[in-house]
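**Student:** Can you read through this structure? Questions will come right after.
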Amino acid sequence: MRSLLVGYHEGGKLHYAGRVGTGFSMQSTNDLKKKLDARRAETSSFDTAVPKGKGSGKRVVWVKPELVGEVEFRTWTSDSIIRHASFQGLREDKPAEEVVQEKPRAPAGRADTKAKPAGGKGEISASVKSTGAANTIVKLSHPDKLLWPQEKVSKQGLLDHYALVWPRMQQFVVNRPLSLVRAPDGVGGQRFFQKHASAGMHDKIARMKDPTDGEEILFIRDFDGVAALVQLGVVEIHIWGCTIDELDKPDQIIFDLDPDEGVDVKAVRAAALEIGGRLDELSLPNFVKTSGGKGYHVVVPLKPSADWDEVKDFAHDFARVLDQAAPDRYTATLSKKARTGKIFVDYLRNGRGSTTVAPYSSRAKKGATVSMPATWAEIEAGLAPNAFPIGDKTTLKQLAKADPWADFFKQGKPLKRG
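Counting from 1, position 126 in the sequence shown corresponds to residue 224 in our numbering; the numbering is continuous, with no gaps.
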């Protein structure tokens, strides 16, 4: 395979857009050839003949135009042909019929967008498409694919969960740096942590450069962004403790209670309640949520004023006070040896670039659970950290209650030391 002939849709026809002859590795060539061979066709699907010098007179193997590729290229010619094109990978998040000619654009809030793909990253039509309970312009490929096979939770089921919680969740994930846990083949398959853009990533997942080190930052602006994450097979959404507008001024402090194997859940609940009480004594507002796993997260909203070092130092000092007061129960030390039989009060989530799982995010864990905001009264009453599976009646009942974190950021105070 020497090159690909690519095109885009317009007016109900498939228009030829040029040839892509670089960017292929041996592995990607073999994988792509298998997919193309399965889609062989007798004739071309382009509305016009392929121009001479671009495949004419050579052996061309025609295929059904069903695959979508992401392509980097320098420019469009006056007759709508791409120049200096390089193949970046297949995209599974976009149906072929939605690929149109991309127009140059520079969206507000998005910097350094490197790719202007053809035949794979065109504009999406503005009409909203219904995907179950969720209205989004992002179309799921294979919506019935099970991300949690044992619990029978599909991509569509995950998207519907986010549609349900979105009015509550959006203040915690919109315009905030993200890291992603992906499991494209489901939580039983390969999982990986992703902080930067990759081929096949939807335009609704926005990107910017960190002004400090030039590293790429991912963020979303709206529900379409969440839908794009689901399409990628994202099973956990992790957030920085700041917004993209205040990268050096955190707006929350996180205490992640991580118990060692064998620590009773009652002890973990007692730890959360003790932390909440100590924060009350410091006149710091505090909220609690289940982790969706073994522990709880106690979170303090801040008015952004202190820098990352100040916030992390405060969190570290707070954790050490707990450790010193009850060294048989707590540790502020990360090492496995120090954590034996204890609860690690994880203050490390409060560094610049560190992340914690977002409120209402799913977890890549058995049970297809959610990290769910709760009231302190519910914790006192014995609420389990893994109490809320996606779509379960217990979860729906919880979401029918008043939002316990509705005024989270309104209660924020500046962090004062001393």
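Where is the CB? At the ideal position from N, CA and C, for every residue including glycine. Bear in mind the structure is a predicted one, so any value in this text is a computation, not a measurement.
What does DSSP give as the partner residue(s) for Leu513 in the beta ladder?
**Tutor:** DSSP lists no partner for Leu513.
**Student:** If you measure between the beta carbons of His336 and Thr431, is that distance less than 8 angstroms?
**Tutor:** No.
**Student:** Is it buried or exposed, Gln288, if we count other Cβ atoms within 10 angstroms and call 16 or more buried?
**Tutor:** Exposed, since its Cβ has fewer than 16 Cβ neighbours within 10 Å.
**Student:** Taking just the CA atoms, how far does Lys514 sit from Phe317?
**Tutor:** Spanning the two alpha carbons is a distance of roughly 29 angstroms.
**Student:** Mapping the DSSP letters down to three states, classify Trp474 as helix, strand or coil.
**Tutor:** DSSP places Trp474 in helix when its eight states are reduced to three.
**Student:** Here's the rule I'm using: 16 or more other beta-carbon atoms within 10 Å means buried, otherwise exposed. How should Ala204 be labelled?
**Tutor:** Residue placement at Ala204 is poorly supported in this model, since its pLDDT is 36, which falls under 50; the coordinates still yield a value, given next. Looking at its Cβ environment, which holds fewer than 16 other Cβ atoms inside 10 Å, Ala204 is exposed.
**Student:** Kindly list the residues whose CB is nearer than 8 angstroms to the CB of Lys495, restricted to its own chain and excluding five residues on each side of it in sequence; keep chain order.
**Tutor:** Here the set comprises nothing.
**Student:** Excluding the 5 residues preceding and the 5 following Lys508 in the sequence, name in chain order all residues of the same chain whose CB lies nearer than 7 angstroms to its CB.
**Tutor:** None.
**Student:** What distance in whole Å lies between the Cβ atoms of Arg274 and Ile342, which are believed to be in contact at a cut-off of 8 angstroms?
**Tutor:** About 7 angstroms; that satisfies the 8 angstroms criterion.
**Student:** What does the alpha-carbon distance come out to for the pair Lys162 and Lys111?
**Tutor:** Answer to the nearest angstrom: the Cα atoms are 13 angstroms apart.
**Student:** Nearest to Lys464 by CA position, among Ser403, Lys392, Leu481, His414, is which residue?
**Tutor:** The shortest Cα separation from Lys464 among Ser403, Lys392, Leu481, His414 belongs to Lys392.
**Student:** Asp283 lies in the beta strand (DSSP E); which residues open and close that run?
**Tutor:** Neither: Asp283 is in no beta strand (DSSP E) and is coded neither H nor E.
**Student:** By Cβ distance, which residues of its chain are closer than 7 angstroms to Ser223, with the 5 residues on each side in sequence left out?
**Tutor:** Summary for Ser223: the model assigns pLDDT 26, below 50, so the residue's position carries little reliability, and this model does not support an answer.
**Student:** Let me know the beta strand (DSSP E) ranges lying completely inside the region 270-320, each 3 residues or longer, listed in chain order.
**Tutor:** Listed in chain order, the complete beta strand (DSSP E) runs (minimum 3 residues) inside the region 270-320 are 276-280, 290-292, 303-307, 314-318.
**Student:** Exposed or buried, which one is Ala325 when buried takes at least 16 other CB atoms within 10 Å?
**Tutor:** With 16 or more other Cβ atoms within 10 Å, it is buried.
**Student:** For a quick check, are the C-beta atoms of Ile441 and Leu497 less than 8 angstroms apart?
**Tutor:** Their beta carbons are not under 8 angstroms apart, which means Ile441 does not touch Leu497 by this criterion.
**Student:** Quick test of your reading: Ala466 and Trp246, contact by CB under 8 angstroms. State the CB separation rounded to the nearest angstrom.
**Tutor:** Indeed, because the Cβ distance is near 4 angstroms, the residues count as touching under 8 angstroms.
**Student:** Compute the Euclidean distance between the alpha carbons of Lys237 and Val332, then round it to the nearest angstrom.
**Tutor:** Lys237 and Val332: Cα-Cα distance of roughly 15 angstroms.
**Student:** Could you check what DSSP says for Ile441 in three-state terms: helix, strand or coil?
**Tutor:** Here Ile441 sits in strand by DSSP.
**Student:** Given a threshold of 16 other Cβ atoms within 10 Å of its Cβ, counted over all protein chains shown, does Val443 qualify as buried or as exposed?
**Tutor:** Per the 10 Å Cβ criterion, buried.
**Student:** Measure the C-alpha to C-alpha separation of Gly207 and Asp308 and round it to an integer number of angstroms.
**Tutor:** Confidence in Gly207 is poor, its pLDDT being 35 and thus under 50, which makes the residue's placement too unreliable to answer from.
**Student:** Cutting at 8 angstroms between CB atoms, please list the residues of its own chain near Leu400, excluding the five before and the five after it.
**Tutor:** Result list for Leu400: Pro348, Asp349, Gln350, Ile351, Val409, Gly510, Lys511, Pro512, Leu513, in chain order.
**Student:** Can you give the Cα-Cα distance for Glu484 and Met470, rounded to whole angstroms?
**Tutor:** Residue 484 is actually Asn in this sequence, not Glu. Their Cα atoms are separated by approximately 9 angstroms.
**Student:** What is the DSSP secondary structure of Gln350, reduced to helix, strand or coil?
**Tutor:** Strand, per DSSP.
**Student:** Could you check what DSSP says for Ser225 in three-state terms: helix, strand or coil?
**Tutor:** Because Ser225 sits at a pLDDT of 28, beneath the cut-off of 50, its placement in the model cannot be relied upon, and the following sentence gives the value as read from the coordinates. Coil.
**Student:** DSSP state of Ala209, grouped into three classes?
**Tutor:** Its pLDDT being 35, under 50, Ala209 is placed unreliably in this model, and the value from its coordinates should be taken loosely. Coil, per DSSP.
**Student:** Considering Val386, what are the terminal residues of the alpha helix (DSSP H) in which it resides?
**Tutor:** Note, Val386: premise wrong, no alpha helix (DSSP H); beta strand (DSSP E) at 385-388.
**Student:** In its own chain, which residues sit with a C-beta less than 8 angstroms from the C-beta of His113, not counting the 5 before and 5 after it?
**Tutor:** Closer than 8 angstroms at the Cβ level, and outside the excluded window around His113, lie Gly105, Tyr106, His107, Phe144, Asp145, Thr146, Ser178, Gln199.
**Student:** Taking the alpha-carbon positions, what's the Asp411 to Leu371 distance?
**Tutor:** Spanning the two alpha carbons is a distance of roughly 22 angstroms.
**Student:** Flag this pair as yes or no: are the beta carbons of His240 and Lys250 separated by less than 8 angstroms?
**Tutor:** No. Outside cutoff.
**Student:** Classify Asp362: buried if its beta carbon has 16 or more other beta carbons within 10 angstroms, exposed otherwise.
**Tutor:** Counting Cβ neighbours within 10 Å, Asp362 comes out exposed, since fewer than 16 surround it.
**Student:** Relative to the C-alpha of Ser184, which candidate in Thr120, Pro193, Pro149, Thr175 has its C-alpha closest?
**Tutor:** Checking every option, the nearest Cα to that of Ser184 belongs to Thr120.
**Student:** Determine the DSSP secondary structure at Gln422, reduced to helix, strand or coil.
**Tutor:** Gln422 falls in the helix class under three-state DSSP.
**Student:** Exposed or buried, which one is Asn384 when buried takes at least 16 other CB atoms within 10 Å?
**Tutor:** Asn384 is buried by the Cβ-count criterion.
**Student:** Going by alpha carbons, who is nearest to Tyr260 out of Ser460, Ile477, Glu476?
**Tutor:** Looking at the Cα atoms, Ser460 is the closest of the given residues.
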